[in-house]
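Count along the sequence shown from 1, add 401, and you get the number used in my numbering. Ideal Cβ positions, reconstructed from N, Cα and C, are used throughout, including at glycine. These notes concern the structure reproduced below.
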Amino acid sequence: MFRSIPKWSVFIFDIFSVISVAHNRWQKMYSMLLIISCVYVFYTTPQIVCILENDCDNSLSTIIKGMFARLVALTCMISRCAIFLKGKTQMVMYKKNVDDFHAFTPMTSSETDRLKKMSSRAVLCCILLTVPVNVCRLWILYYVAEQTVPFVTLVYLQNFSMYCIETHFTVLCYILYQKIVGINDDLMALKIDTIVRNKYPFVSLTGEKYGKNDSTIEYNRDVFHSLIAGHPMIDFLENLKAKHKLVSQSVKNLNNTFGIHLGLSLCSLCLYTLFDLYYHLQEVWKHSKYKILVYGWILQYFVRFLLITVVAHITTKQALKSKILITDINNRYLDNNTKEELQLFLNQISSCTIEFTACDFFTLNTHLITSAIAAGTTYLVILLQFNSANH
Numbered sequence: 402m403f404r405s406i407p408k409w410s411v412f413i414f415d416i417f418s419v420i421s422v423a424h425n426r427w428q429k430m431y432s433m434l435l436i437i438s439c440v441y442v443f444y445t446t447p448q449i450v451c452i453l454e455n456d457c458d459n460s461l462s463t464i465i466k467g468m469f470a471r472l473v474a475l476t477c478m479i480s481r482c483a484i485f486l487k488g489k490t491q492m493v494m495y496k497k498n499v500d501d502f503h504a505f506t507p508m509t510s511s512e513t514d515r516l517k518k519m520s521s522r523a524v525l526c527c528i529l530l531t532v533p534v535n536v537c538r539l540w541i542l543y544y545v546a547e548q549t550v551p552f553v554t555l556v557y558l559q560n561f562s563m564y565c566i567e568t569h570f571t572v573l574c575y576i577l578y579q580k581i582v583g584i585n586d587d588l589m590a591l592k593i594d595t596i597v598r599n600k601y602p603f604v605s606l607t608g609e610k611y612g613k614n615d616s617t618i619e620y621n622r623d624v625f626h627s628l629i630a631g632h633p634m635i636d637f638l639e640n641l642k643a644k645h646k647l648v649s650q651s652v653k654n655l656n657n658t659f660g661i662h663l664g665l666s667l668c669s670l671c672l673y674t675l676f677d678l679y680y681h682l683q684e685v686w687k688h689s690k691y692k693i694l695v696y697g698w699i700l701q702y703f704v705r706f707l708l709i710t711v712v713a714h715i716t717t718k719q720a721l722k723s724k725i726l727i728t729d730i731n732n733r734y735l736d737n738n739t740k741e742e743l744q745l746f747l748n749q750i751s752s753c754t755i756e757f758t759a760c761d762f763f764t765l766n767t768h769l770i771t772s773a774i775a776a777g778t779t780y781l782v783i784l785l786q787f788n789s790a791n792h
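The following block contains the structure:
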């Protein structure tokens, strides 16, 4: 499965995320060191914040800066433990399900190319949105408060590790998106064939002409021509039902593996954005260099939130499309055996819902973006009013 992903992307995932811990000593060592660094950051945060502020006045900005570092450490530690423990079994099961899917339908060259481009761009985006901004911040700190550089480096490493796991999830989710799109293309071919046979029951060649002339609809032309040649539709339905079940199981594997991490990440990303907007509006960092860094961090948080929710959303939408296509086919004139198989397929889709959740607390979709913006705006206004009241 991972052969379709560029080696350098797999290398990043293998270091900062979890692909397989069965024979990977580096993963175990890295996870242990990362957890130790999280504990260190959590307990040394007050002293470091006092050094950065040049005073421990317990102001709201000082408290928020301390909360930021501790939140990064706490979420990273919990996430790493959950990913490391669940990745031992769930990632193995995910890989097996995808490999079994490929036994039915191997990846095409176009699918492989799209996956390579997507994974490369996602990892490159991860690096470009974190490394330059963080290096710039460390460079400034080196001349302002040199003793805080190791501490801040650990915080940035923990944040980068969280981002890498999120990127890994989006790539694995995109793989399932491709599988569902393939299933829908096959279903669309069945639908077109059914429509043509209902309209022209005595002219088999009409279906072939219909398939060649209609270039606006995406469907599997190989399946379509096989149906025209007389291949039973029920055989294709059994094949699609088996593939859909494998995809559904893979979605469960991803939810079990990344559910805790995604819940922590999405909540913490909202808080990070809230903190940085507060810093910016209150002009806590008055230097122009710091303002540019704030814009870079907010952009990073927004892209991370957007990438998780959008990729999960489009995958879920494709899964819903499968149900619509099967219902449309079932409403056509077909023999009893085919209708029975379609009903079984429809029951399977209804019972095996394909959607991504964060520990079943909330579903990952685009509505989450608007909800987060609304909630974040409300809390930001409250925070600003609370600060002005104190002054």
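- For P551, the enclosing alpha helix (DSSP H) starts and ends at 550-600.
- Taking a cut-off of 8 Å on C-beta distances, the segment 743-756 touches the segment 633-652, as three or more cross pairs fall below it.
- A straight-line Cα-Cα distance of about 56 Å links F552 and I727.
- The three-state reading of DSSP puts T446 in helix, counting H, G and I together.
- In the structure shown, T767 adopts coil according to DSSP, grouped into three states.
- Cβ neighbours of Y679 within its own chain (closer than 6 Å, five residues either side excluded): L784.
- According to the DSSP secondary-structure assignment, T758 is paired through a beta bridge with T764.
- In the three-state scheme derived from DSSP, where H, G and I count as helix and E and B as strand, M519 is classed as helix.
- Contact check between the segment 470-487 and the segment 541-550: fewer than three CB pairs, one atom from each, fall below 8 Å, which does not count as touching.
- Contact between R733 and I596 is confirmed by a C-beta separation of about 7 Å, below the 8 Å threshold.
- Closest in alpha carbon position to Y431, among T739, D415, F443, is D415.
- Under the 8 Å Cβ criterion, the segment 709-720 does not count as touching the segment 499-510, having fewer than three qualifying pairs.
- A distance below 6 Å between beta-carbons, with the five flanking residues on each side excluded, links F561 to the following residues of its chain, in chain order: T531.
- With respect to the C-alpha of L475, the residue from L665, N738, Q719 having the closest C-alpha is L665.
- Nearest to M494 by alpha-carbon distance, out of L700, S669, L647, is L647.
- About 7 Å separates the beta carbons of Q559 and S438, which is inside the 8 Å limit, making them a contact pair.
- When DSSP states are grouped into helix, strand and coil, L735 belongs to the coil group.
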